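Asker: Have a look at the structure that comes next, please.
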Amino acid sequence: MPTEYAITYSCENKYENKVRGAHWQFLIIPQTNSSQEVLSIEFTNSLLEAESYSINGLGFKTIRLKTRKSFKSARFRAKMRVLKSEVNPFDFPLENNAEESYKELKSLNFRVDHEAFLKKTDLTTLPENSTSLWSLDTSQTVFTNLQNLNKLVNAYLTFQPSTTTASSTLEEVLAKRNGVCQDFAHLFCALARMNGIPSRYVSGFLHQGSGYFGDSQMHAWSEAFIPKIGWVGFDPCNDLLAGTDYIKVSHGKDYRDCAPIRGVLFTTGKNETIYTVQVEGDQQ
Amino acid sequence: MLARVANNLFWMGRYIERSEHIARYLNVNYFSSLDAPNQLSQSRQFVLRSMLFMVGNPELDDNVELEESQVLYKIGLDAENAFSILSNVKYARENANSARDLISTELYEAINKFYHYVNNYDADMFMKNSLHDFTVNVTEMTAVLRGKMRGTLLHDEIYAIIMMGINIERATQVIRIINAKHQDALNAQGSYGDKFSNSYEWTTLLKCAESYDMMRRFYKKTPTSISTLEFLILNPNCPRSVMNSLNQVYKHIKVLDPSKKYNKDSTAFLVGRVRSEYEFKYITEIEEDIQGFIENILNSLGLISQKMEKEFFNY
Amino acid sequence: MGKIQNQIFSSYLRNPVLYDELFDKTGEIKDIYSRLFELYGGHTIKEYVKLNDKAKSSFFNQGITFQVYGEKESTEKIFPFDLFPRIIAPEEWEIIERGAIQRSRALNLFLWDIYHEKKIIKQGIVPLELISSSANYLNQMVDLDPPGGIYNHISGTDIIKHNDGNYYVLEDNIRCPSGVSYVICNRTALKRALFGVFNHYRTHSVTNYAENLLDLLETVKPKGVDIPNVVVLTPGMYNSAFYEHSYLAKTMGVELVEGRDLFVENDFVYMKTTHGPEKIDVIYRRVDDVFIDPLEFRADSALGVPGLFAAYKKGNVTLANAPGTGVADDKAIYTYMPDIIKYYLDEDPILNNVHTYHCSKPDELKYVLEHINELVIKPVDEAGGYGISIGNRLSKEEIEEVKLQVKANPRKYVAQPIMSLSVHPTYIDDTESFEQRHVDLRTFTIMGRDRDFVLKGGLTRVALKKGNLIVNSSQGGGSKDTWVLKS
Chain A
1 MPTEYAITYS CENKYENKVR GAHWQFLIIP QTNSSQEVLS IEFTNSLLEA ESYSINGLGF
61 KTIRLKTRKS FKSARFRAKM RVLKSEVNPF DFPLENNAEE SYKELKSLNF RVDHEAFLKK
121 TDLTTLPENS TSLWSLDTSQ TVFTNLQNLN KLVNAYLTFQ PSTTTASSTL EEVLAKRNGV
181 CQDFAHLFCA LARMNGIPSR YVSGFLHQGS GYFGDSQMHA WSEAFIPKIG WVGFDPCNDL
241 LAGTDYIKVS HGKDYRDCAP IRGVLFTTGK NETIYTVQVE GDQQ
Chain B
1 MLARVANNLF WMGRYIERSE HIARYLNVNY FSSLDAPNQL SQSRQFVLRS MLFMVGNPEL
61 DDNVELEESQ VLYKIGLDAE NAFSILSNVK YARENANSAR DLISTELYEA INKFYHYVNN
121 YDADMFMKNS LHDFTVNVTE MTAVLRGKMR GTLLHDEIYA IIMMGINIER ATQVIRIINA
181 KHQDALNAQG SYGDKFSNSY EWTTLLKCAE SYDMMRRFYK KTPTSISTLE FLILNPNCPR
241 SVMNSLNQVY KHIKVLDPSK KYNKDSTAFL VGRVRSEYEF KYITEIEEDI QGFIENILNS
301 LGLISQKMEK EFFNY
Chain C
1 MGKIQNQIFS SYLRNPVLYD ELFDKTGEIK DIYSRLFELY GGHTIKEYVK LNDKAKSSFF
61 NQGITFQVYG EKESTEKIFP FDLFPRIIAP EEWEIIERGA IQRSRALNLF LWDIYHEKKI
121 IKQGIVPLEL ISSSANYLNQ MVDLDPPGGI YNHISGTDII KHNDGNYYVL EDNIRCPSGV
181 SYVICNRTAL KRALFGVFNH YRTHSVTNYA ENLLDLLETV KPKGVDIPNV VVLTPGMYNS
241 AFYEHSYLAK TMGVELVEGR DLFVENDFVY MKTTHGPEKI DVIYRRVDDV FIDPLEFRAD
301 SALGVPGLFA AYKKGNVTLA NAPGTGVADD KAIYTYMPDI IKYYLDEDPI LNNVHTYHCS
361 KPDELKYVLE HINELVIKPV DEAGGYGISI GNRLSKEEIE EVKLQVKANP RKYVAQPIMS
421 LSVHPTYIDD TESFEQRHVD LRTFTIMGRD RDFVLKGGLT RVALKKGNLI VNSSQGGGSK
481 DTWVLKS
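Right, here's the structure in full:
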């Protein structure tokens with residue numbers, strides 16, 4: 001049975017000094033894919049500027065806003081309705097021949113095709129002393145291995161808001177052993193990639209009905225590519241597979257490809273962004 | 001044309017014109033004071049103060065003894081001072097640089113040569129004995145620039161914008177010079193028996209605007225306050241007059257905005273309004289309140305500049 | 001024999017080890033230069049100095065200068081220019097021209113491939129690491145079809161003549177190669193100073209570059225555009241190549257814009273004019289990839305246009321060169337050029353490549369470490385001649401230092417045999433005489449939809465310091481007018 005979600009993304013930016021003109025880009029519109037469909041988007045802003053829609057360099061839909069007005073604060077709100085069909089994360093044919101999967105992971109063609117999600121980035125580079133945190137057990141299927149990785153990351157880090165920032169490296173995260181969903185996702189990607197499994201960072205919304213971690217903000221999880229099966233979503237922050245509650249917006253190599261808001265501002269001084277997300281589900 | 005580049009060309013015109021007026025003011029005031037008929041007009045302090053007043057940096061303390069070489073350096077070649085001739089020429093060239101692809105090679109090279117001439121001028125020599133040489137060369141080089149503009153640019157929007165800059169600046173500078181010399185005439189009053197209206201300063205004023213010879217031909221009399229002001233403000237045939245500048249501005253704004261439609265918010269409308277205000281004025285109306293006139297016209301020119309910025313240079 | 005009888009060359013010292021462009025091994029003047037040699041010989045050094053000064057002041061007055069930032073104030077300098085031209089014979093030029101086009105085409109096909117199916121990597125010809133570890137490979141360009149199928153619209157190929165008399169390519173520049181305006185300025189300056197000499201040689205014109213550039217840029221207009229509106233995008237007047245940007249805009253008769261003059265609305269690009277917005281279709285951009293769009297790449301870029309990349313991706317505007325070309329002019333890719341040419345064109349390279357050792361390969365690293373004194377060590381991703389170590393110029397300590405650097409980061413370095421660049425008589429101010437100086441040649445190739453153009457001429461760069469092999473202008477190099485003779 002599909003679920004209709006009403007998602008509200010609200011954001012308030014405050015600036016120390018007057019801003020004279022700005023551009024913003026929001027990467028918050030849920031992706032339209034086999035399990036989800038956007039029914040409507042309603043975007044409002046305190047500057048009363050008309051928004052426009054575009055597609056960014058990595059192929060995801062964006063909301064753009066520009067202004068030439070002067071201001072010291074700006075508020076934005078997007079109300080989106082999304083229809084999500086029921087997702088059973090285990091709904092795929094099991095790998096009956098693990099050996100073949102491992103062979104494919106090693107093949108040049110496979111590595112070339114998934115080059116983007118096999119390489120290290122600044123945010124997914126493991127410090128020297130942590131490279132052996134996890135390794136593949138080839139006696140088990142790739143899927144089982146990834147489930148283990150999900151569990152391991154979940155256990156290794158403690159969910160703790162405000163200890164890390166969007167630009168925290170794994171070195172900092174692993175030193176503290178705590179972080180937020182982004183850090184869990186980065187660690188998952190780093191370890192999977194290190195072991196030759198293509199893995200991407202996913203940004204989206206999580207329906208919190210059942211008390212998951214992820215507070216009232218956007219959520220982040222990972223997707224890993226399993227030969228013959230395809231991309232499968234793992235949420236290391238909650239040690240779950242991404243199911244019906246997960247509404248995907250975008251994916252990329254790491255957080256930087258998926259930042260929900262980007263701005264170009266003509267001002268000096270500090271700025272502060274506060275945003276909240278509300279996801280309400282209504283089963284059809 | 002790009003709005004930003006139009007803005008730069010407008011200011012290129014203004015800076016070139018400004019540097020010329022400052023150079024001439026230095027030259028005429030300094031050299032005419034040497035054999036002025038009254039003591040005060042001959043006084044070096046009086047002249048130096050007048051120069052500083054003209055560039056908008058007056059010495060307010062009456063007790064300060066100004067050092068000639070310092071004042072000359074400050075106004076002529078001091079790169080630290082935004083109002084110096086050197087700074088003006090530098091800004092003119094920077095603006096030309098950004099619009100190099102639009103102006104003729106000939107004009108650009110002339111501006112560039114002008115800049116190198118001013119920038120490489122020996123400051124010691126300038127302060128000691130080359131004031132005349134330097135200021136005459138600056139005015140001559142600006143004349144060359146005007147010639148290059150007229151002769152090597154297409155008379156289109158680019159030309160119109162530069163000419164608007166030049167003429168708005170010319171009107172502004174002539175008014176500033178009138179203001180400065182009017183002050184001088186007031187200060188020098190009665191010091192040697194000559195009255196305000198027959199002050200020697202009016203001759204100097206006309207020379208500062210390179211208008212003395214023309215004025216003598218036109219009136220065939222020694223300049224008085226009223227004839228001088230009439231000539232420099234209202235006579236449309238005097239190329240340096242405020243009236244002529246306004247006519248030029250009006251002519252060129254019509255190139256930028258050829259629209260015949262009634263639009264009271266346009267720059268063209270405002271220029272036309274200011275122009276017609278002075279077209280049919282009596283000089284006696286101005287003479288009654290010179291200070292009021294100066295404030296009023298400077299304000300109008302400022303408004304025109306602002307409006308242009310909004311209408312054409314907004315980027 | 002070997003004695004040079006000519007006034008201005010009377011003190012010319014010829015080092016027989018070096019390949020001299022003017023004189024053969026026995027010291028005889030080469031045929032192609034003999035007329036020029038006589039003509040210059042008619043001048044005394046004094047006259048020559050005068051002409052030289054005149055040429056310099058002509059550059060100065062034209063404002064063809066660059067800023068040198070000192071401690072207190074910045075001064076303006078001209079690019080050192082040498083009045084003695086370099087001549088290239090038609091049959092030699094024919095090879096250079098064909099070779100330059102061949103490389104540009106191969107690089108374009110290579111770029112298309114690595115941003116689409118990546119066949120060359122899947123077939124194991126070029127290692128995956130070259131793109132996966134390259135900061136210049138843009139994932140945003142994957143599966144994007146640039147208008148006309150062209151990535152490297154403008155290429156600059158750096159070529160030298162080795163002491164074996166053969167031309168070798170040292171580098172392909174396909175990001176924003178600069179220098180073409182100096183080719184034209186050098187010609188103008190030489191014509192002004194020594195117009196008489198042109199009567200004795202039939203030299204190809206170089207002034208047709210801009211018209212060809214505009215023509216070829218118009219062939220890669222976006223779909224649905226009738227007459228494209230082309231602009232040149234510059235970082236601004238403080239950029240060291242600003243003169244070139246304004247020169248190109250002026251000679252093409254198009255607008256020279258900065259990022260702040262442009263804006264994007266509904267994925268179309270407009271410039272702000274005195275009469276409101278005007279749509280633009282083709283941007284010859286001289287701003288680096290990471291700065292072109294702060295919403296897509298570096299957010300702190302003040303040089304770019306927010307939303308430009310999305311407009312490009314949508315096919316509403318053409319960027320020349322395409323973003324992401326930098327991956328292919330990486331020095332590590334250079335070393336695979338013979339294979340790349342063979343793979344896509346099924347041809348042998350027309351111009352030689354200098355043999356290159358990859359420090360990323362263990363056996364080659366071993367060779368490099370053992371033979372540093374015979375090699376040039378180059379970082380793969382530095383431009384402008386920085387970070388280069390020339391083995392036979394290093395002290396023992398310096399060699400050890402370089403070894404450590406290379407060992408610490410082998411992927412970052414390649415090594416090549418020390419090439420001996422040919423020398424050309426060049427007038428040296430300090431000694432008031434002609435001396436041998438090393439030269440190279442940068443050629444300029446433009447590719448459009450189904451049409452190519454190579455400028456018949458090029459920038460001959462001169463290393464002004466005695467014995468110096470690095471000719472880059474940011475390292476104090478000068479230049480010469482370059483004559484390609486008509487056949």
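Protein sequence lines, in the order shown, are assigned to chains A, B and C.
For the first sequence, full-length UniProt numbering begins at 1 and goes up steadily by one.
For the second sequence, full-length UniProt numbering begins at 1 and goes up steadily by one.
For the third sequence, full-length UniProt numbering begins at 1 and goes up steadily by one.
C-beta: ideal position from N, C-alpha, C; glycine also.
Given the structure is predicted, the values throughout are model-derived calculations rather than measurements.
Between which two residues does the beta strand (DSSP E) holding phenylalanine 84(C) run?
Answerer: One-based indexing of the third sequence puts residue 84(C) at position 84. For phenylalanine 84(C), the enclosing beta strand (DSSP E) covers residues 81 to 88.
Asker: Going straight from the alpha carbon of serine 130(A) to that of arginine 451(C), what length do you get?
Answerer: Here residue 130(A) refers to the residue found at position 130 of the first sequence. Here residue 451(C) refers to the residue found at position 451 of the third sequence. Spanning the two alpha carbons is a distance of roughly 54 Å.
Asker: Just to confirm, are isoleucine 4(A) and lysine 84(A) a CB contact at a threshold of 9 Å?
Answerer: Mapped onto the first sequence, residue 4(A) falls at position 4. Mapped onto the first sequence, residue 84(A) falls at position 84. Note on residue identity: the sequence assigns glutamate, not isoleucine, to residue 4(A). Going by C-beta atoms, glutamate 4(A) is nearer than 9 Å to lysine 84(A).
Asker: Roughly how many angstroms separate the alpha carbons of glutamate 211(C) and valine 254(C), rounded to a whole number?
Answerer: In the third sequence, residue 211(C) corresponds to position 211, counting from 1. In the third sequence, residue 254(C) corresponds to position 254, counting from 1. Approximately 11 Å between the Cα atoms of the pair.
Asker: For leucine 256(C), return the contacting residues in chain B, with the cut-off set at a CB-CB distance below 7 Å.
Answerer: Position 256 of the third sequence, counted from the first residue, corresponds to residue 256(C). The answer, in chain order, is Asp101.
Asker: Alpha carbon to alpha carbon, how far is lysine 251(B) from methionine 164(B)? Give it in angstroms, no decimals.
Answerer: Looking up residue 164(B) in the second sequence gives position 164. Looking up residue 251(B) in the second sequence gives position 251. Rounded to whole angstroms, methionine 164(B) to lysine 251(B) spans 9 Å at the Cα level.
Asker: Just curious, the beta strand (DSSP E) that tyrosine 15(A) is in, first and last residue?
Answerer: Taking the first residue of the first sequence as position 1, residue 15(A) is located at position 15. First-last of the beta strand (DSSP E) with tyrosine 15(A): 3 to 26.
Asker: Could you tell me how far apart the beta carbons of arginine 193(A) and threonine 124(A) are, in whole angstroms, since I believe they sit closer than 8 Å?
Answerer: Counting from 1 along the first sequence, the entry for residue 193(A) is found at position 193. Counting from 1 along the first sequence, the entry for residue 124(A) is found at position 124. About 7 Å; that satisfies the 8 Å criterion.
Asker: Using the three-state DSSP reduction, which class does valine 232(C) fall into: helix, strand or coil?
Answerer: As a first step, residue 232(C) is located in the third sequence; it is residue number 232 there, counting from the start. Valine 232(C): strand per DSSP, three-state reduction.
Asker: For the structure I just gave you, are there three or more beta carbon pairs, one from the segment 18 to 29 of chain B and one from the segment 258 to 267 of chain A, closer than 8 Å?
Answerer: no
Asker: Could you name the residues of the segment 260 to 289 of chain C whose beta carbon sits closer than 7 Å to any beta carbon of chain B, in the order they occur along the chain?
Answerer: Arg260, Asp261, Met271, Lys272, Thr273 and Thr274
Asker: Quick check on isoleucine 95(C): buried or exposed, where buried means 16 or more other Cβ atoms within 10 Å of its Cβ?
Answerer: Sequence index remark: in the third sequence, residue 95(C) carries index 95 (1-based). Exposed, by the Cβ-count rule.
Asker: Roughly how many angstroms separate the alpha carbons of leucine 321(C) and glutamate 370(C), rounded to a whole number?
Answerer: Position 321 of the third sequence, counted from the first residue, corresponds to residue 321(C). Position 370 of the third sequence, counted from the first residue, corresponds to residue 370(C). The displayed chain sequence assigns asparagine, not leucine, to residue 321(C). Answer to the nearest angstrom: the Cα atoms are 40 Å apart.
Asker: Check each residue of the segment 223 to 252 of chain C: if its Cβ is closer than 7 Å to any Cβ of chain F, include it; give the result in chain order.
Answerer: You won't find chain F in this structure, because its protein chains are A, B and C.
Asker: At a Cβ threshold of 9 Å, is leucine 319(C) touching chain A?
Answerer: The residue labelled residue 319(C) in the question sits at position 319 within the third sequence. Cβ-Cβ to chain A under 9 Å: no for leucine 319(C).
Asker: Exposed or buried, glycine 214(A), counting other C-beta atoms within 10 Å across all chains shown (16 or more means buried)?
Answerer: Indexing the first sequence from 1 puts residue 214(A) at position 214. Note on glycine 214(A): pLDDT 49, under 50, position unreliable in the model; the coordinate value appears next. Burial call: buried.
Asker: Nearest to glycine 259(C) by CA position, among Ile184(C), Thr251(C), Lys50(C) and Pro306(C), is which residue?
Answerer: The residue labelled residue 259(C) in the question sits at position 259 within the third sequence. Closest option to glycine 259(C), Cα to Cα, is Pro306(C).
Asker: Between which two residues does the beta strand (DSSP E) containing alanine 78(A) stretch?
Answerer: In the first sequence, counting from the first residue as 1, residue 78(A) sits at position 78. Residues 61 to 84.
Asker: Less than 9 Å between the C-beta atoms of isoleucine 226(A) and leucine 146(A), yes or no?
Answerer: What you label residue 226(A) is simply residue 226 of the first sequence in a count that begins at 1. What you label residue 146(A) is simply residue 146 of the first sequence in a count that begins at 1. In this structure, leucine 146(A) lies closer than 9 Å to isoleucine 226(A) by Cβ.
Asker: Out of Asn109(A), Leu136(A), Ser135(A) and Ser132(A), which one is the CA nearest neighbour of proline 127(C)?
Answerer: Position 127 of the third sequence, counted from the start, is the residue given in the question as residue 127(C). Of Asn109(A), Leu136(A), Ser135(A) and Ser132(A), the residue nearest in Cα terms is Asn109(A).
Asker: Short of 8 Å Cβ to Cβ, which residues in the segment 49 to 63 of chain C face chain B?
Answerer: Phe60, Asn61, Gln62 and Gly63
Asker: Listed in chain order, which residues of the segment 133 to 156 of chain A have Cβ atoms closer than 7 Å to some Cβ of chain C?
Answerer: Along the segment 133 to 156 of chain A, there is no position whose C-beta sits under 7 Å from a C-beta of chain C.
Asker: On the DSSP bridge list, what partners appear for valine 257(C)?
Answerer: The residue labelled residue 257(C) in the question sits at position 257 within the third sequence. According to DSSP, valine 257(C) bridges with Leu233(C).
Asker: For isoleucine 175(B), count neighbouring C-beta atoms within 10 Å of its own C-beta (all shown protein chains included) and say buried if the count is 16 or more, exposed if not.
Answerer: Counting from 1 along the second sequence, the entry for residue 175(B) is found at position 175. So isoleucine 175(B) ends up on the buried side.
Asker: Which residues in chain C sit within 7 Å of valine 264(A), going by Cβ to Cβ distance?
Answerer: By 1-based counting over the first sequence, the position of residue 264(A) is 264. Ordered by position in chain C, the residues that pass the 7 Å Cβ test against valine 264(A) are Pro294, Leu295, Ala299 and Pro306.
Asker: Specify the secondary structure class of glycine 214(A) as computed by DSSP and reduced to three states.
Answerer: Taking the first residue of the first sequence as position 1, residue 214(A) is located at position 214. In this prediction, glycine 214(A) scores a pLDDT of 49, lower than 50, which makes its location untrustworthy; the coordinate-derived value is nonetheless stated afterwards. If DSSP states are grouped into helix, strand and coil, glycine 214(A) belongs with coil.
Asker: What is the DSSP secondary structure of histidine 116(B), counted as helix, strand or coil?
Answerer: As a first step, residue 116(B) is located in the second sequence; it is residue number 116 there, counting from the start. Here histidine 116(B) sits in helix by DSSP.
Asker: By DSSP, does threonine 131(A) sit in helix, in strand, or in coil?
Answerer: In the first sequence, the residue the question calls residue 131(A) occupies position 131. Here DSSP, grouped into helix, strand and coil, assigns threonine 131(A) to coil.
Asker: Going by DSSP in three states, arginine 105(C) sits in which element: helix, strand or coil?
Answerer: As a position in the third sequence, residue 105(C) is number 105, starting the count at 1. When DSSP states are grouped into helix, strand and coil, arginine 105(C) belongs to the helix group.
Asker: Give me the chain C residues within the contact set of alanine 268(B), using Cβ-Cβ distance strictly less than 7 Å, ordered along the chain.
Answerer: Working through the second sequence from its first residue, we reach residue 268(B) at position 268. Under the 7 Å cutoff, chain C gives no residues; its nearest Cβ is about 13 Å from alanine 268(B).
Asker: Short of 7 Å in beta carbon distance, which residues of its chain neighbour serine 84(B), apart from the five on each side in sequence? Order them along the chain.
Answerer: Counted from its first residue, the second sequence places residue 84(B) at position 84. Correct list, in chain order: Lys74, Ile75, Gly76, Leu77 and Asp78.
Asker: State the beta-bridge partners of valine 277(A) as determined by DSSP.
Answerer: Along the first sequence, read from residue 1 onward, the residue named residue 277(A) stands at position 277. In the DSSP output, where bridge partners are listed per residue, valine 277(A) has Tyr9(A).
Asker: Between the alpha carbons of lysine 313(C) and isoleucine 390(C), how many angstroms are there, rounded?
Answerer: The residue labelled residue 313(C) in the question sits at position 313 within the third sequence. The residue labelled residue 390(C) in the question sits at position 390 within the third sequence. Taking the straight line joining both Cα atoms gives about 43 Å.
Asker: Please list, in chain order, the chain C residues whose beta carbon lies closer than 8 Å to that of tyrosine 315(B).
Answerer: For this step, residue 315(B) is matched to residue 315 along the second sequence. Going along chain C in sequence order, the residues near tyrosine 315(B) (Cβ under 8 Å) are Arg260, Asp261 and Lys272.
Asker: Which value, in whole angstroms, describes the spacing of the CA atoms of histidine 425(C) and leucine 105(A)?
Answerer: Residue 425(C) sits at position 425 when you count from the first residue of the third sequence. Residue 105(A) sits at position 105 when you count from the first residue of the first sequence. For the record, residue 425(C) in the displayed sequence is proline; it is not histidine. Cα-Cα distance, rounded: 60 Å.
Asker: Have a look at Leu27(A), Leu157(A) and Ser222(A) and flag the residue whose alpha-carbon is nearest the alpha-carbon of cysteine 189(A).
Answerer: Here residue 189(A) refers to the residue found at position 189 of the first sequence. Measuring from the Cα of cysteine 189(A), the nearest candidate turns out to be Ser222(A).
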